[in-house]
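Heads up: the structure comes next, in structure tokens.
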Amino acid sequence: MSGHGPAIPMTSRKCGPLKGEARVPGDKSISHRSLILGAMAVGETHITGLLEGEDVLGTADAMRAFGADVERVGEGEWRVNGVGVGGFAEPEQVIDCGNAGTGVRLIMGAMATQPITATFTGDASLRARPMGRVTDPIALFGAQSYGRDGGRLPMTVVGARQPIAVRYTTPMASAQVKSAVLLAGLNVPGKTVVIEKEATRDHTERMLAGFGAEITVEDTDEGHVITLTGQPELKPQSIVVPRDPSSAAFPVCAALIVPGSEVLVPNIGLNPTRAGLFYTLQDMGADLTFENERTEGGEPVADLHARYSPHMKGIVVPPERAASMIDEYPILSVVAAFATGTTNMPGVHELRVKESDRIDAMAKGLRAAGVVVEEGEDWWAVDGMGPEGVRGGATVATVLDHRIAMSFACLGMASQKPIHLDDGSPIATSFPGFEPLMAGLGAQLVRTNT
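Position 345 of the sequence shown, counted from 1, bears residue number 345 in full-length UniProt numbering, the numbering being contiguous throughout.
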């Protein structure tokens, strides 16, 4: 999995109205956590709606390597027979997490307080990403990590034999870091405390409570404080994974910028720590509504109804909203290019260390398509060209990043001239059905030179 396969060049052309229903994959964040916590429970956890992209399948393989029985029993339907908290076996092989930054960081946390050793690797993109943000806090529990210069994969983690509970303040707004520390705290006597200055996506806290862990969350003068009591017996669950809001962003945003479009995206998770993009689009004047709002499995869910929106205006995106939409800034920048006025996006340094430097990748591609983009270390701004003003006609580098690839595919659906992607293969890591889904709506996205 870590060896990136042959490049798949793609071309996205201006299309007619996008129409229909877009059934996007299951939520990637919840899918990862379902497999990991299922493996740490005692008994059989049943999961439906699991995202079967490469990232999540890598986490399933990792849980097998640690001794859990993980089996696919139907489309999106899986069962996990867990080994209990503290029950991981030492894997015989290197754990290959492919492109999955969430997967590798959460798994490192889960095994860090167990007396085992594991070596992790990934594809070229993942091997370039910093792991110190996780290895630093798990060292406080007593774990040791040995990786390449700069704290990068491949990396061997030696779990703590006598772990101690910690109180940790996250240095950045990162649900991955918070979750890694909480998963490490499961196998530690006493209380592990994580303090966030800004609340991040809370799927781990919700799911830990669902599995029977004793966990509390409160807002104090210190910040957002999460307290976990260690060494619980996690109880197996039946989990229905809602559809991924990050994946829903692409058909939604494409519908907003392609004239005449109207698309319904059903059953989307609207956890308030994940839904920032949709509120931002509404602030810009997008014709986007939430229908059939309800709660499923403890998570708020709704059907998203998106219609072509030629009168969107640039705004300043509130920096405090960044944590709730950090993965959606690339596609937001595409929408901003078709608005009028400037869209400013401050407080987004985290974009520099995702699967790629996403600010740099999007800025280069948008500029090549005729859009004015300004950037700083932790901010960027896109000058809107109006609803039909983006020239296009560029070949863009997707830099092994699935969200960069899908964002530029959507740009080509509304730009005057086609957008050529040098490699669309990374899309499979999170949205393996992206091409046929968008084609079914009316997009003209084709593979070229294959």
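Yeah, the Cβ is synthetic: ideal placement off N, Cα and C, and Gly gets one too. Since the model is a prediction, treat every value here as computed from it, not as a measurement.
Thr-448 and Thr-11 do touch by the CB rule: their CB atoms are close to 5 Å apart, below 8 Å. Between the beta-carbon of Leu-50 and that of Gly-87 there is about 22 Å, and that puts the pair past the 8 Å contact cut. Nearest Cα to Val-372 within the set Leu-400, Val-399, Ala-339: Ala-339. Between Leu-441 and Val-252, the C-beta gap is not smaller than 9 Å, which leaves the two residues out of contact.
Here the C-alpha atom of Ala-414 lies approximately 48 Å from the C-alpha atom of Gly-185. Assignment of Arg-64 by DSSP, reduced to helix, strand and coil, places it in the helix class.
Taking the CA atoms as reference points, Thr-280 sits about 18 Å from Cys-410.
Taking Glu-296 as the centre and dropping the five residues before and after it, the same chain places the C-beta of Val-240, Pro-242 closer than 7 Å to its C-beta, in chain order. Here Pro-259 has Tyr-308 as same chain residues with Cβ atoms under 6 Å from its own Cβ, once five neighbours each way along the sequence are excluded.
Going by C-alpha positions, Ile-36 is about 23 Å away from Ser-125.
Taking a 10 Å sphere around the C-beta of Gln-114, we find 16 or more other C-beta atoms and assign the residue as buried.
The continuous alpha helix (DSSP H) containing Met-438 extends over residues 434-441. A residue is called buried once 16 or more other Cβ atoms fall within 10 Å of its Cβ, and Lys-197, having fewer, is exposed.
Spatial neighbours of Gly-365 in its own chain (CB-CB distance under 6 Å, excluding positions within 5 residues in sequence) are listed in chain order as Val-396, Phe-408. Ser-324 counts as buried, since no fewer than 16 other beta carbons sit within 10 angstroms of its beta carbon. DSSP, reduced to helix, strand and coil, places Pro-346 within a strand of the structure shown. Rounded to the nearest whole angstrom, the C-alpha separation of Gln-162 and Ala-405 is 44 Å.
Nearest C-alpha to Pro-130 among Ala-139, Ala-143, Gly-101: Gly-101. When rounded, the separation of the alpha-carbon atoms in Val-166 and Val-193 is 6 Å. Only residues of its own chain outside the window of five on either side were considered, and among them Arg-79, Ser-238 have a CB closer than 6 Å to the CB of His-46, listed in chain order. Restricting attention to Gly-341, Glu-233, Glu-299, the CA atom closest to the CA of Gly-82 is found in Glu-233.
Between Arg-201 and Arg-133, the gap from beta carbon to beta carbon reaches 9 Å or more.
Relative to Ala-361, the option among Pro-346, Gly-347, Trp-380 whose CA is nearest is Trp-380. With contacts defined as CB atoms closer than 9 Å, Ala-337 and Gly-384 qualify as a contacting pair. For the 9 Å CB-CB criterion, Gly-67 and Ala-39 form a contact. In the three-state reduction of the DSSP assignment, His-420 falls in the strand class, which pools E and B. For Glu-374, the three-state secondary structure derived from DSSP is strand.
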